[in-house]
Each structure stands twice: as structure tokens, then as C-alpha cells.
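Sequential numbering of the sequence shown, starting at 920, is according to this note's numbering. In this text, a Cβ means the ideal position worked out from N, Cα and C, and glycines have one as well. Predicted model, so just to flag it, every value in this text is computed and none were measured.
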Amino acid sequence: MKKIITPNQIERQFNEGKIIVSKTDLKGKILYGNRIFIKLSGFTEKELLGKPHNIIRHPDMPKIIFKFLWDFIQNGKEIVAYVKNLSKDGSYYWVKAFVTPSFNGKGEIVGYHSIRVKPTEEAKAAIQALYKELLEIEHKGGIQKSQEKLEQILAQKGVSYEEFVLSL
Ligand SMILES: Cc1cc2nc3c(=O)[nH]c(=O)nc-3n(C[C@H](O)[C@H](O)[C@H](O)COP(=O)(O)O)c2cc1C
């Protein structure tokens, strides 16, 4: 069972050049994490391997973002998403994640991997404001309402989700 971690306001820092990597099976269970991924999570490698990736899910993340993520990758597409992750000690760190499916020789999806970099402060500020709004809507009206809101924001800007994320 997932242990309850109380989030705090301490942000974990990492260097700009770092690439944070994890790989999962088809269900999102962690099969691999590189050294910096393990370090930022605050867990040991043993604690992480075989666990669902939501072991580092932060409650400030709107559900709709993960719905988008899974819809993309299960359809064989890659996605870019800004994610606030929760460390074992309650601290957090923001990443810009490139999540992609892995295929076998027959073109079937056999797993997924995520490569993450440090987001700029400007992108972080913009996405934080958006996620706060989406989360509030989600708490009141559920994921359907936050999806409607996100689609409405994108329509107003006249951009797709990908264009929006890449413009930040
Ligand atoms: C390759 C890959 C990487 C992922 N990385 C993260 C991550 O860094 N943080 C996170 O919260 N969820 C990540 N997820 C999504 C989780 O599987 C899960 O959907 C999310 O944490 C929401 O969990 P919940 O459905 O329990 O709310 C990743 C999924 C995949 C396939």
C-alpha cells in the first residue's frame, strides 16, 4: 500500500544539465530509474522498483494532466508535460517530462519511459497558476470539468495541448 506522505513547501533543487530518467511497464510500474531520479525521489532503488509511478505523485497535480498523458502514450504518441513530484520526505520538485512509449520489433507498445529536465522559472510560474485553477475545478466538479476548462483555455488560445506546452 502507498504510504501517506505529508507534502511540505521545501523545493528540491537539481542542476540544469541533469536528465532524470525512469522506465515503466505497460501499467506504469517502475522498472528503472537513473541515479538522479532515485536521489530526487528520496526513496531507495529497492523501494521504487516494481512500484506504481504514482509513488511520487504530488496532490497538487490535477488528474486531468495524467489522463492526457496516458491517453497520448497508450495511443503510441509522445507527450510533454510539466509535473510536480513529491519526494519521500514531503518536499517537491518540478520537471518538464517527455514521456514516450517503447515499441518492440512488431510495433507493439511494450512499456514507457520518461526523460525529464529542469523547467525554466517562467514556465513553472505559468503552469503552477494553470494547475491551481484546474485542481480547484476538479475538487468541485471532477475531472470532466477540469478537462472542459483545459480544452476551453486551449481553444481560446487557438493552440493544441502540445503547442501550448511547448510555448511555455
Ligand atoms: C513513463 C512514465 C512516467 C511517469 N512519471 C510520473 C512522474 O514523474 N510523476 C507522477 O506523478 N506520475 C508519473 N507518471 C504517471 C503515473 O503513472 C500516474 O498516472 C500518476 O502519478 C497519477 O496517479 P493516480 O492515477 O494514482 O492519481 C508516469 C507514467 C509513466 C508511464
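Classify residue i: buried if its beta carbon has 16 or more other beta carbons within 10 angstroms, exposed otherwise.
| i | result |
| --- | --- |
| residue 1057 | buried |
| residue 1035 | buried |
| residue 1065 | buried |
| residue 978 | exposed |
| residue 1004 | buried |
| residue 1079 | exposed |
| residue 1016 | buried |
If I measure Cβ to Cβ from residue i and keep anything under 8 Å in the same chain, skipping five residues before and after, which residues do I get?
| i | result |
| --- | --- |
| residue 1021 | 942, 1028, 1029, 1030, 1031, 1032 |
Per DSSP, what kind of secondary structure is residue i in: helix, strand or coil?
| i | result |
| --- | --- |
| residue 976 | strand |
| residue 1002 | strand |
| residue 952 | strand |
| residue 1068 | helix |
| residue 1022 | strand |
| residue 1010 | coil |
Leaving aside the five residues before and after residue i along the sequence, list all residues of the same chain whose C-beta is less than 6 Å from its C-beta, in chain order.
| i | result |
| --- | --- |
| residue 998 | 988, 991, 1018 |
| residue 962 | 1007 |
Taking 9 Å as the cut-off, decide whether the C-beta atoms of residue i and residue j are in contact.
| i | j | result |
| --- | --- | --- |
| residue 1002 | residue 984 | yes |
Comparing C-alpha positions only, which one of the options sits nearest to residue i?
| i | options | result |
| --- | --- | --- |
| residue 932 | 962, 1006, 978 | 1006 |
| residue 936 | 1082, 1049, 1039 | 1039 |
| residue 1068 | 1081, 927, 1049 | 1049 |
| residue 945 | 1053, 1059, 993, 1060 | 993 |
| residue 928 | 1060, 1011, 1070 | 1011 |
Identify, in the order they occur along the chain, each residue of the same chain with its Cβ nearer than 7 Å to the Cβ of residue i, setting aside the five sequence neighbours on each side.
| i | result |
| --- | --- |
| residue 1046 | 1001, 1087 |
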